[in-house]
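*Asks:*
Protein chains: 2
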Amino acid sequence: MSSSSKEAILAAARRTAQAHGYSGLNFRDLAEEVGIKAASIYYHFPSKADLGAAVVRRYWEDTAAGLESMLAETSDPIRCLRRYPDVFRKSLEAGNRMCLCSFMAAEYDDLPEAVKQEVQAFADVNVAWLSRVLSAAVVVGAEESEPRARAIFAAIAGAQLIARSRSDISLYDALIDSYRAAGLLPT
Amino acid sequence: MSSSSKEAILAAARRTAQAHGYSGLNFRDLAEEVGIKAASIYYHFPSKADLGAAVVRRYWEDTAAGLESMLAETSDPIRCLRRYPDVFRKSLEAGNRMCLCSFMAAEYDDLPEAVKQEVQAFADVNVAWLSRVLSAAVVVGAEESEPRARAIFAAIAGAQLIARSRSDISLYDALIDSYRAAGLLPT
DNA sequence: ACCTGAACACCGTTCAAGT
DNA sequence: ACCTGAACACCGTTCAAGT
Chain A
1 MSSSSKEAIL AAARRTAQAH GYSGLNFRDL AEEVGIKAAS IYYHFPSKAD
51 LGAAVVRRYW EDTAAGLESM LAETSDPIRC LRRYPDVFRK SLEAGNRMCL
101 CSFMAAEYDD LPEAVKQEVQ AFADVNVAWL SRVLSAAVVV GAEESEPRAR
151 AIFAAIAGAQ LIARSRSDIS LYDALIDSYR AAGLLPT
Chain B
1 MSSSSKEAIL AAARRTAQAH GYSGLNFRDL AEEVGIKAAS IYYHFPSKAD
51 LGAAVVRRYW EDTAAGLESM LAETSDPIRC LRRYPDVFRK SLEAGNRMCL
101 CSFMAAEYDD LPEAVKQEVQ AFADVNVAWL SRVLSAAVVV GAEESEPRAR
151 AIFAAIAGAQ LIARSRSDIS LYDALIDSYR AAGLLPT
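Protein chains in written order, with full-length UniProt numbering: chain A, 1 to 187; chain B, 1 to 187.
The following block contains the structure:
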């Protein structure tokens with residue numbers, strides 16, 4: 001089995017970054033949560049940039065796996081599109097947290113290069129999945145599925161951001177409903 | 001005329017916060033940009049929270065004034081709705097910056113109460129203006145204009161966030177086009 | 001009225017050194 | 001292999017002192 005300290009650090013860092021961003025990640029608090037000293041984290045991750053990149057990589061890997069299993073459960077693409085907003089809703093449910101990569105999109109100027117690349121990978125995973133499902137559902141024409149996928153991804157990220165700023169999950173639900181009513185998402 | 005240092009501090013703080021957020025604001029760098037010492041800022045603003053609240057208040061006041069003058073220039077509400085995304089585009093044009101309040105929406109957990117309130121006021125200003133213009137344009141039914149206003153605001157904030165994370169204004173334009181194609185915004 | 005030097009307490013980060 | 005003490009650089013804030 002893998003190092004439990006390393007896994008514990010990754011999990012704690014992810015939770016913290018979803019609430020306070022990359023800049024809000026600090027080794028003292030992180031270490032205390034895990035039960036070691038701040039300097040010990042550097043044994044597992046050579047720098048904050050490495051930790052950040054590892055956290056985001058794990059994050060999009062988990063997201064990709066979750067999306068794949070959703071598709072495996074329900075082969076109906078329209079059903080998958082209806083359930084997609086739940087992925088972002090879960091972060092709000094977990095202590096009004098955000099998508100890690102939305103927070104880091106805001107922090108982009110201050111992100112190490114390795115972290116930036118993982119943040120882009122997260123977006124790519126989501127857009128590729130949405131694009132595939134949109135094609136299968138024949139919601140839009142073939143060459144419109146990727147632009148539409150990007151629009152859905154961006155709009156949902158925005159809905160989560162705004163709902164977070166009011167600590168109001170019902171606002172998130174209302175925004176998703178409005179997207180459906182407007183025709184951005186299938187009803 | 002008003003204190004030029006105070007105004008210079010407000011302007012510099014706004015630019016910095018649009019690129020690095022509230023947590024990225026620091027009095028030493030800010031002072032250097034203005035040409036005074038960090039301690040001098042405290043003469044004008046009793047604390048960082050006060051500075052932050054003043055910056056955001058000024059920001060939404062300027063935004064509100066800009067939106068009003070747009071409406072005064074063009075009484076055509078559809079034309080106003082077409083031009084609204086330009087407001088957010090301008091931040092990206094200015095060094096890939098973000099809407100101050102989108103960044104602070106992400107930072108919400110770490111914001112002083114006074115700053116939180118100003119961030120909400122910014123959203124309120126935008127939603128109220130959009131709602132008014134949507135009503136005038138008869139784009140949606142009367143009781144749908146506020147939910148739709150919120151949806152447009154959230155979706156555009158999301159488009160800006162995603163475009164920033166790629167430093168790609170053309171992606172922002174493409175997202176707005178997709179929103180129009182999907183029916184979220186009038187074409 | 002407006003600004004500054006110097007200091008304080010604190011925190012993120014690093015690294016040589018421990019076992 | 002895994003962890004830590006101690007140090008460094010930095011930051012928000014204060015305050016007595018300057019003009």
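Yeah, the Cβ is synthetic: ideal placement off N, Cα and C, and Gly gets one too.
1) Can you confirm whether residue 88 (chain A), when its beta carbon is compared against all beta carbons of chain B, has any partner nearer than 8 angstroms?
2) Would you check if the stretch 133-152 of chain A and the stretch 89-97 of chain A touch, i.e. whether three or more CB-CB distances between them fall below 8 angstroms?
3) With the cut-off set at 8 angstroms, would you say residue 130 (chain B) and residue 155 (chain B) are in Cβ contact?
4) Pair every Cβ in the stretch 19-32 of chain A with every Cβ in the stretch 101-113 of chain B, then say whether three or more of these pairs are closer than 8 angstroms.
5) How about residue 101 (chain B) and residue 88 (chain B): do their beta carbons lie closer than 8 angstroms?
6) Residue 171 (chain A): which of A:179, A:66 and A:159 sits nearest, CA to CA?
7) Would you mind sorting residue 126 (chain A) into buried or exposed? The rule is 16 or more other CB atoms within 10 Å of its CB.
8) Assuming residue 185 (chain B) contacts residue 81 (chain B) (C-beta within less than 8 angstroms), just tell me the rounded distance between them.
9) With residue 5 (chain A) and residue 34 (chain A) assumed to form a contact (beta carbons below 8 angstroms), what rounded beta-carbon distance in angstroms separates them?
10) Spell out whether any CB of chain B is found under 8 angstroms from the CB atom of residue 15 (chain A).
11) Residues of chain A with CB under 7 angstroms from residue 112 (chain B), in chain order?
12) Where do the ends of the alpha helix (DSSP H) carrying residue 100 (chain B) lie?
13) Kindly indicate which residue of A:38, A:32, A:27 and A:54 has the alpha-carbon position closest to the one of residue 10 (chain A).
14) DSSP three-state call for residue 162 (chain B): helix, strand or coil?
15) Could you check where the alpha helix (DSSP H) with residue 89 (chain B) kicks off and where it finishes?
*Replies:* The short version:
1) no
2) no
3) no
4) yes
5) no
6) A:159
7) buried
8) 6 angstroms
9) 6 angstroms
10) no
11) Per Cβ cutoff of 7 angstroms: no residues; residue 112 (chain B) is ~14 angstroms from chain A at best.
12) 100-106
13) A:54
14) helix
15) 77-93
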